[in-house]
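Q: Positions 960 to 1148 (our numbering) are the ones given, in order, by the sequence shown.
Even glycine gets a Cβ: it sits at the ideal position worked out from N, Cα and C.
Dumping the structure here so I can ask a few things about it.
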Amino acid sequence: MNLRPTVPDCMGEADPNLGDIVVPEDVLQRRIVELGAEITRDYEGRAPLLVGVLKGAFIFMSDLARAIRLPVEFDFMAVSSYGSATKTSGVVRIVKDLDLDLSGRDVLVVEDIVDSGLTLSYLRRNLQARGPASLEVCALFVKDGLQKSDPDLRYVGFPIPPDFVVGYGLDVAERYRNLPFICRYLGPA
Ligand code: 5GP
960 MNLRPTVPDC MGEADPNLGD IVVPEDVLQR RIVELGAEIT RDYEGRAPLL VGVLKGAFIF
1020 MSDLARAIRL PVEFDFMAVS SYGSATKTSG VVRIVKDLDL DLSGRDVLVV EDIVDSGLTL
1080 SYLRRNLQAR GPASLEVCAL FVKDGLQKSD PDLRYVGFPI PPDFVVGYGL DVAERYRNLP
1140 FICRYLGPA
């Protein structure tokens, strides 16, 4: 008999591929409000440019922006990293570049999750070369102990255990992004 409690999917139905909830919705939302307040304080008098990394960061970006009491601007870029479905290789390709010029701007990169940190390290080098006045990173989740070098994150939502998770923007084959919490993924990659 399987006694493991099953986490409901976006339609409220038990999904055997979903494991324990790692960060519940209310905890997630409270922390995002705190991050927004911190960013509001730190960037007072400035209009930071939020750069969202698609697709995973779109839900976080939307909630975070509404918790920031400053005239923020938005841009998005999409990257694809070569590797298996659940592991990055570190070789990153820009699939959609930014529309705006970064020179002289206070750029805040909004990332969903930092695993090995390879994607972020590529992005940081790429964006820094465009001459922003400042470049900082806000990552919602950081996996404990997996980064090969210090990812230099100005804002972190939650350190989480090094398991593969889905929800709140994070997917497997485009599914589960609209779960309002994050949970472990137990199914096939
Ligand atoms: P890194 O380059 O830091 O190893 O991986 C970063 C990217 O891999 C993230 O932006 C995200 O797209 C993906 N990723 C890393 N860990 C997870 C995870 O636990 N779940 C999901 N769905 N994607 C992940």
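#1: Which residue from Ala973, Pro1118, Arg1089, Phe1140 puts its Cα closest to that of valine 1125?
#2: So does leucine 1129 have its beta carbon nearer than 6 Å to some heavy atom of the ligand 5GP?
#3: Flag this pair as touching only if the region 1126-1140 and the region 1102-1116 have three or more C-beta atom pairs under 8 Å; answer yes or no.
#4: Run the proximity test for glycine 1116: is its beta-carbon closer than 6 Å to any non-hydrogen atom belonging to the ligand 5GP?
#5: How about threonine 1078: is its Cβ closer than 6 Å to a heavy atom in the ligand 5GP?
#6: Three or more C-beta pairs under 8 Å: does that hold for the region 1011-1030 against the region 991-999?
#7: Let's test the definition: count the other Cβ atoms within 10 Å of the Cβ of serine 1039 and tell me whether it reaches 16, buried, or not, exposed.
#8: Taking Cβ positions, are valine 1032 and leucine 1013 nearer each other than 7 Å?
#9: For glycine 1090, list the residues DSSP reports as bridge partners.
#10: CB-CB under 7 Å to arginine 1089, same chain, minus the five flanking residues each way: which ones, in chain order?
#11: May I ask you to check if the CB of serine 1039 is nearer than 6 Å to at least one heavy atom of the ligand 5GP?
#12: Would you check if the distance between the CB atom of valine 1073 and the CB atom of leucine 1082 is smaller than 7 Å?
#13: Can you tell me whether alanine 1016 is buried or exposed, with buried defined as 16 or more other CB within 10 angstroms of its CB?
#14: Give a yes or no on whether the C-beta atoms belonging to valine 1010 and valine 1096 are separated by under 7 Å.
#15: Name the residue from Ala1132, Val1115, Asp1034 whose alpha carbon lies nearest to the alpha carbon of leucine 1086.
#16: CB-CB under 6 Å to glycine 1146, same chain, minus the five flanking residues each way: which ones, in chain order?
#17: Flag this pair as yes or no: are the beta carbons of phenylalanine 1019 and leucine 1077 separated by less than 7 Å?
#18: If you measure from the CB of isoleucine 1018, is any heavy atom of the ligand 5GP nearer than 6 Å?
A: The structure says:
#1: Looking at the Cα atoms, Phe1140 is the closest of the given residues.
#2: Yes; taking the cut-off as 6 Å, the Cβ of leucine 1129 has a heavy atom of the ligand 5GP nearer than that.
#3: No, the region 1126-1140 is not in contact with the region 1102-1116.
#4: Incorrect: glycine 1116 has no Cβ contact closer than 6 Å to the ligand 5GP.
#5: The answer is yes for threonine 1078.
#6: A contact exists between the region 1011-1030 and the region 991-999.
#7: Exposed: under 16 other Cβ atoms inside 10 Å.
#8: Checking the displayed sequence, the identity of residue 1032 turns out to be glutamate instead of valine. With a cutoff of 7 Å on beta-carbon distance, glutamate 1032 and leucine 1013 are scored as not near each other.
#9: Answer is none; glycine 1090 lacks a bridge partner.
#10: Leu1061, Ser1062, listed in sequence order.
#11: For serine 1039, the shortest separation between its Cβ and any heavy atom of the ligand 5GP does not lie below 6 Å.
#12: Here valine 1073 is not near leucine 1082, since their CB atoms are 7 Å or more apart.
#13: Around the beta carbon of alanine 1016, 16 or more other beta carbons sit within 10 angstroms, so the residue counts as buried.
#14: Between valine 1010 and valine 1096, the C-beta spacing is not below 7 Å.
#15: If we check each option's Cα against that of leucine 1086, Asp1034 comes out closest.
#16: Taking glycine 1146 as the centre and dropping the five residues before and after it, the same chain places the C-beta of Asn976 closer than 6 Å to its C-beta, in chain order.
#17: Going by C-beta atoms, phenylalanine 1019 is not nearer than 7 Å to leucine 1077.
#18: Result no, Cβ not under 6 Å from the ligand 5GP.
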